[in-house]
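Read through the structure below, which is laid out as structure tokens, and then see the notes.
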Amino acid sequence: MAIWKQVMAGLVLAFTVVFVADVSEAVQARLQVIHAGTLLAEPGKPALSPATLVISGAKVARVEEGLLSPSELGLAANTPVLDLRQQFVMPGFIDLHVHLSMLTGSRGRDLEVRKPDAYFALIGADNARKTLQAGFTTVRDLGSRGMAIFALRDAIVDGLVPGPKILVAGSAITPSGGHADFHGYRQEVLDALPATGVCNGADDCRRAVRETVKRGADVVKVTATGGVLSNTNAGTGMQFTQAELDAIAETAHALGRKVTAHAHDKPGIEAALAAGFDSVEHAMWADEATMRLFKKHDAWLIPTIYPITYVGDTPEKMRAGPFKDLPPASMEKLLRLGKQPKKMTALAYKMGVNIALGTDSGVSPNGDNAHEFLEYVGIGMTPEEALAAGTVKAAEAGGIDDAGKLTPGMAADIVAMRGNPLEDISAVLDLAFIMRDGIIFKQEVRGQ
Ligand SMILES: [Zn+2]
47 MAIWKQVMAG
57 LVLAFTVVFV
67 ADVSEAVQAR
77 LQVIHAGTLL
87 AEPGKPALSP
97 ATLVISGAKV
107 ARVEEGLLSP
117 SELGLAANTP
127 VLDLRQQFVM
137 PGFIDLHVHL
147 SMLTGSRGRD
157 LEVRKPDAYF
167 ALIGADNARK
177 TLQAGFTTVR
187 DLGSRGMAIF
197 ALRDAIVDGL
207 VPGPKILVAG
217 SAITPSGGHA
227 DFHGYRQEVL
237 DALPATGVCN
247 GADDCRRAVR
257 ETVKRGADVV
267 KVTATGGVLS
277 NTNAGTGMQF
287 TQAELDAIAE
297 TAHALGRKVT
307 AHAHDKPGIE
317 AALAAGFDSV
327 EHAMWADEAT
337 MRLFKKHDAW
347 LIPTIYPITY
357 VGDTPEKMRA
367 GPFKDLPPAS
377 MEKLLRLGKQ
387 PKKMTALAYK
397 MGVNIALGTD
407 SGVSPNGDNA
417 HEFLEYVGIG
427 MTPEEALAAG
437 TVKAAEAGGI
447 DDAGKLTPGM
457 AADIVAMRGN
467 PLEDISAVLD
477 LAFIMRDGII
487 FKQEVRGQ
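In my numbering, the protein residues as written are 47 to 494.
In structure tokens form, the structure reads like this:
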């Protein structure tokens with residue numbers, strides 16, 4: 047099966063979008079040359095203008111300054127050359143917090159008790175395609191019920207459907223009645239729903255972590271505090287005890303997994319940091335003392351600003367926005383947030399906390415992920431720093447060894463755009479070229 051087509055010369059503007067990836071041996075050995083107008087191989091370090099990349103199968107083989115032909119590179123003269131001389135080329139983006147099998151807004155509510163697992167695999171496939179088309183070549187899915195998300199991860203690797211590489215958490219680890227447990231149904235329904243990931247007490251939580259890893263989790267997600275969208279009036283305070291969080295972190299690390307906490311209120315964030323969690327998601331009510339703990343424990347903050355901008359960052363906008371139909375218990379929690387995500391992230395940035403990009407897409411639409419870059423520039427980061435948060439730093443925070451930069455041996459995960467994001471960060475919203483593991487998923491070519 048041909049995995050990419052040469053765009054015919056003479057077209058003014060053409061799109062090639064490839065939906066199915068060929069993972070045959072022939073493809074894995076294929077050489078490709080990319081001519082980049084500007085290459086930001088490693089965000090945070092200087093860009094090269096122009097530059098040449100050699101891709102061997104799914105990996106970056108060489109990075110050279112200037113534009114070199116296949117013969118100048120010592121390759122066969124007929125090695126394909128991708129002309130990105132009019133474009134800004136950089137590593138594919140990484141989002142450490144998505145929910146691919148979630149539908150945004152009131153459409154998604156209660157689906158989990160009405161639809162079979164297979165339905166979520168199909169939602170996930172649709173959202174995976176949108177996410178890849180937004181330039182995100184690796185994501186971490188932090189919470190999906192059932193087994194659909196594991197199947198989606200594997201189907202993408204096998205080339206059956208297009209999408210980013212996914213690190214999967216599966217069901218989040220949660221206490222009974224916690225954020226990731228079921229809420230808001232009559233007791234007979236609650237009794238019938240599975241309690242996957244639910245645990246109480248340190249030993250029981252060790253069991254839950256072991257089981258989630260046994261199910262195939264690449265990363266362990268823990269709801270250390272209450273959350274906004276669960277239909278309960280139990281607030282967003284700490285819900286696991288320190289002893290439970292300690293046991294969870296220790297077990298996850300013993301099994302070679304990163305462990306990350308969903309946490310809103312300060313005591314829950316601080317307890318997760320004290321337990322040795324690798325990162326904290328949201329961290330809405332972290333203050334200066336909390337930021338010092340992030341630094342002391344060398345932990346990562348994953349701020350998720352954009353969903354609150356999307357949902358509405360004032361009470362008026364929240365009451366009129368896409369979540370206007372939230373149940374009262376959730377609406378009350380949402381109304382507390384407002385500008386807090388931005389204020390908290392600005393404080394973390396000012397204090398030098400390690401920040402990696404996460405969006406909580408699923409709350410905001412999957413495929414809108416790149417808006418988070420704009421939020422980071424909005425709170426004071428330079429464009430270089432924002433781009434690093436969604437590439438090299440996200441790779442480091444997520445323990446993803448082969449992505450986030452384009453140096454020899456790294457995955458050939460590449461995006462290109464017409465604008466220069468170092469001058470105007472909104473260039474990340476308009477991509478002309480997307481490659482994942484050496485396979486082209488979008489190519490826009492301007493002909494004569
Ligand atoms: Zn989330």
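Beta carbons are placed, not taken as given, at the ideal position from N, Cα and C, and that holds for glycine. Predicted, not measured: the structure shown is a model, and the values here were computed from it.
Spatial neighbours of Gly281 in its own chain (CB-CB distance under 8 angstroms, excluding positions within 5 residues in sequence) are listed in chain order as Gly272, Asp311 and Lys379. A contact between stretches requires three or more CB pairs, one per stretch, nearer than 8 angstroms, and the stretch 258–267 meets this requirement with the stretch 185–199. Taking C-beta atoms as the reference points, Pro137 and Val79 fail to come closer than 8 angstroms. Our two residues, Gly465 and Ile471, have alpha carbons roughly 9 angstroms apart in a direct line. Ser376 counts as buried, since at least 16 other C-beta atoms from the protein chains shown sit within 10 angstroms of its C-beta. Leaving aside the five residues that flank Ile446 on each side, the residues in its chain whose CB is nearer than 8 angstroms to its CB run, in chain order, Ile140, Thr184, Leu213 and Ala440.
With a contact defined as Cβ atoms closer than 8 angstroms, Pro92 and Thr84 miss out at about 10 angstroms.
For Gly384 and Gly358, the gap between their C-alpha atoms comes out near 7 angstroms. Collapsing the DSSP output to three states places Ser190 in coil.
The residue among Tyr231, Asp129, Leu113 and Gly189 with its C-alpha nearest the C-alpha of Arg160 is Tyr231.
CA-to-CA, the gap between Met284 and Gly247 works out to about 14 angstroms. Following the DSSP letters along the chain, one finds Pro353 inside the alpha helix (DSSP H) bounded by residues Tyr352 to Val357. Ranking Leu381, Phe419, Ile425 and Ser190 by CA distance to the CA of Ala394 puts Ile425 first.
Measuring C-alpha to C-alpha distances from Asn277 to each of Arg482, Ala226 and Asp414 identifies Ala226 as the nearest. Contact between the stretch 240–258 and the stretch 162–182 is not established, with fewer than three Cβ pairs separated by less than 8 angstroms.
Less than 8 angstroms divides the Cβ of Ala307 from the Cβ of Glu327. Taking every protein chain shown into account, the CB of Asp156 has fewer than 16 other CB atoms within 10 angstroms, so this residue is exposed.
Only residues of its own chain outside the window of five on either side were considered, and among them Tyr352, Leu403 and Thr405 have a CB closer than 6 angstroms to the CB of Glu418, listed in chain order.
A straight-line Cα-Cα distance of about 14 angstroms links Gly444 and Lys451. Per DSSP, reduced to three states, the secondary structure at Glu316 is helical. Scanning its chain for C-beta atoms nearer than 7 angstroms, with the 5 sequence neighbours on each side dropped, one finds around Leu130 the residues Ile80, His81, Ala82, Gly83, Ala462 and Phe479, in chain order. In this structure Gly192 is in contact with Asp163, their Cβ atoms being roughly 4 angstroms apart against a cut-off of 8 angstroms. Within the model, the alpha-carbon separation for Met337 versus Leu128 is close to 45 angstroms.
For His308, the shortest separation between its Cβ and any heavy atom of ligand 1 lies below 7 angstroms. For Ser325, the enclosing beta strand (DSSP E) begins and ends at Ser325 to His328. Residue environment analysis places Arg186 among the buried positions, since at least 16 neighbouring C-beta atoms fall within 10 angstroms of its C-beta.
The DSSP-derived three-state label of His81 is strand. Per the coordinates, the alpha-carbon of Val474 lies some 32 angstroms from the alpha-carbon of Glu118. Look at His417: its beta carbon is at least 7 angstroms from all of the heavy atoms in ligand 1. As the crow flies, the alpha-carbon of Thr428 is around 39 angstroms from that of Glu290.
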